[in-house]
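Novice: Residue numbering for the sequence shown follows this note's numbering, starting at -5 and increasing by one per position. Ideal placement from N, C-alpha and C gives every residue a C-beta, glycine not left out. These numbers come from a predicted model, not from an experiment. I have a structure I would like to understand better, so I am pasting it below and will then ask my questions one at a time.
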Amino acid sequence: MFYKKEIQILKQKKIFRKRKIFDKNYIDFASNDYIDLSQNEKLLKKAYKLSINKEINSPRASMLINGYSKLHKKLEDKLAKIHRFQNCILAGSGFLANIALFESLCRNKDIIFIDEEYHASGILATKILKDRAILFKHNDENDLKNKLNRLQYESNKRIIIAIEGVYSMSGEIAKKEFAQIAIDYNAILIVDEAHSIGTIGDNLLGYFDYYKINNHNNFIKLGTLSKAYGSYGAYILSNKHINKYLQTRAKPIIYSTALSSFDTALALVNIKYIQKHKNKILKKNIKIKQIIYKEFNVKLDSQIFSLKFQNQTDMIDKAKLLKDNDIIVGAIRKPTVKTPTLRIVFSYKHTKKDVKKLCKLLKK
Ligand SMILES: Cc1ncc(COP(=O)(O)O)c(C=O)c1O
-5 MFYKKEIQIL KQKKIFRKRK IFDKNYIDFA SNDYIDLSQN EKLLKKAYKL
45 SINKEINSPR ASMLINGYSK LHKKLEDKLA KIHRFQNCIL AGSGFLANIA
95 LFESLCRNKD IIFIDEEYHA SGILATKILK DRAILFKHND ENDLKNKLNR
145 LQYESNKRII IAIEGVYSMS GEIAKKEFAQ IAIDYNAILI VDEAHSIGTI
195 GDNLLGYFDY YKINNHNNFI KLGTLSKAYG SYGAYILSNK HINKYLQTRA
245 KPIIYSTALS SFDTALALVN IKYIQKHKNK ILKKNIKIKQ IIYKEFNVKL
295 DSQIFSLKFQ NQTDMIDKAK LLKDNDIIVG AIRKPTVKTP TLRIVFSYKH
345 TKKDVKKLCK LLKK
């Protein structure tokens, strides 16, 4: 039997993974549905109407053939406008968008510096880049600077830096200094904002919004439509030159079918909703953070609360206790994280009662 031995080893190490279908009645602290749009029937109906009125059901081909539609362009323009970037290009998913960026931007002698806790899609792309990819210590601007200074680079060599706005496992926000380092070293800065857009910043626009950093030609924002924006797909915001280059050179965008019409319409409708209800969402986020501060004396940076455990068994026992009490959280094991972690995600839907119930069980 193929892979029998590998599966056995994974099971022995207790890192064998299984997919589960969860009962809808659980209180969900596991998914990335930050604004609770995944079950909003009204928005779903609106998106259906929008996609059925304007488009064929399926995009049929890559955006570079005839898969690009008015709806895609409308979403790209909307995203570029609200995030204040020159241009936007859609991608099939955040995973594809990371591979697209890393593989296409890092040419022959260029070097990309990546936070060691960057998402698996970026880390996978480093395997293609080999010695053109250098990891730096997590969220450590000094380690990055040391590595940049040590690099004997030729004047025509590009430098790219890749960080996450909010780190998906720990919930930490990337330090402000990275933006300035990118400017100082004339490097391109990629910020993967999968977990920061829709969760941080006065306008819920992520890392740059949170620190009130003005836009710069060197910055690239990668956003997913699948998390706070409640749909599926991804987008890359950049200056117009990088945008032009990506549409001609980024393989996961060129050689992959365009985003589905419905997902595109759903993202458009949801983004408009978030803009309209921004203040309400921000207020709710603050309320949840206040409860966590009161209960655990922890100041949450983002909507992700990560609890580390000394061993996997303790973590799994805690996740089971929560599940027995109708609460699901993410139980994240090695090698995804270095230390077993319960990943708890707060969303707009959680009531004070839900959060208090969670806290009580976590303290048990
Ligand atoms: C930081 C980060 N980047 C990229 C991705 C991939 O995004 P997608 O789920 O749209 O492929 C994820 C999530 O799953 C993520 O957490």
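(1) Does the distance from the CB of K94 to the CB of A85 come in under 8 Å?
(2) So, are the CB atoms of T193 and Y28 less than 8 Å apart?
(3) Considering only C-alpha positions, which residue in the set R13, Y112 and C100 is nearest to T330?
(4) Using a Cβ-based criterion (distance less than 7 Å to any ligand heavy atom), does S162 qualify as near ligand 1?
(5) Is E35 buried or exposed, if buried means 16 or more other CB atoms sit within 10 Å of its CB?
(6) Sort D320, F299 and P334 by Cα distance to D308 and report the nearest one.
(7) Candidates I117, H189, I247 and S341: which alpha carbon is nearest E158's?
(8) Tell me the rounded alpha-carbon separation between N279 and D295.
(9) For the structure I just gave you, are there three or more beta carbon pairs, one from the segment 110 to 126 and one from the segment 266 to 278, closer than 8 Å?
(10) Pick from N47, H77 and L37: whose alpha carbon is nearest that of H210?
(11) List the DSSP bridge partners of S56.
(12) What is the C-beta distance between K155 and I175, in whole angstroms, given that I count them as a contact (C-beta under 8 Å)?
(13) Roughly how far, in whole angstroms, is the beta-carbon of F340 from the beta-carbon of I282, given that I think they are within contact range, below 8 Å?
(14) Starting from K(-2), trace the alpha helix (DSSP H) in both directions and tell me its first and last residue.
(15) Taking 8 Å as the threshold (C-beta atoms), are L216 and I184 in contact?
(16) Alpha helix (DSSP H) containing S115: first to last residue?
(17) Give me the Cβ distance between D109 and F96, rounded to the nearest whole Å; I'm assuming they're in contact under 8 Å.
(18) Judging by CA-CA distance, which residue of I247, N208, K72 and A259 is the nearest neighbour of Y42?
(19) Three or more beta-carbon pairs under 8 Å between the segment 4 to 12 and the segment 219 to 235, yes or no?
(20) In this structure, how does DSSP classify D109 when only helix, strand and coil are distinguished?
(21) Could you check what DSSP says for N81 in three-state terms: helix, strand or coil?
(22) Going straight from the alpha carbon of S63 to that of K346, what length do you get?
(23) Would you mind reading off the limits of the beta strand (DSSP E) that contains I128?
(24) Since F10 contacts L231 with CB under 8 Å, what's their CB separation in whole angstroms?
(25) CB of N92 to nearest heavy atom of ligand 1: below 7 Å?
(26) Could you name the residues of the same chain whose beta carbon sits closer than 7 Å to that of L69, not counting the 5 residues immediately before and after it, in chain order?
(27) Taking 7 Å as the line, does the beta carbon of H210 fall inside it for any heavy atom of ligand 1?
(28) Where does A313 fall in DSSP's three states?
(29) Nearest to H235 by CA position, among C353, A228 and I214, is which residue?
(30) Less than 8 Å between the beta carbons of Q306 and K103, yes or no?
(31) When DSSP labels each residue in this structure, what does E135 get in the three-state scheme?
(32) To which residues does DSSP link F360 through a beta bridge?
(33) In this structure, does DSSP put I286 in helix, strand or coil?
(34) Which class does K151 belong to by DSSP, given the choice of helix, strand or coil?
(35) My parser needs the beta strand (DSSP E) runs of 3 or more residues fully inside the segment 203 to 229; what are they?
Specialist: Reading from the atomic positions:
(1) According to the sequence shown, residue 94 is Ala rather than Lys. Yes, they are a contact pair.
(2) yes
(3) Y112
(4) yes
(5) exposed
(6) P334
(7) H189
(8) 10 Å
(9) no
(10) H77
(11) T251
(12) It should be noted that the sequence gives Ile, not Lys, for residue 155. Confirmed, about 7 Å.
(13) 5 Å
(14) K(-2) to Q6
(15) yes
(16) A114 to L123
(17) Rounded, the Cβ-Cβ distance is 13 Å, inconsistent with contact.
(18) A259
(19) no
(20) strand
(21) strand
(22) 43 Å
(23) A127 to F130
(24) Actually they do not touch by this definition, with Cβ atoms about 38 Å apart.
(25) yes
(26) L84, T258, A261 and L262
(27) no
(28) helix
(29) I214
(30) no
(31) helix
(32) Residue 360 is absent from the model: the chain starts at -5 and stops at 358.
(33) helix
(34) coil
(35) 213 to 218
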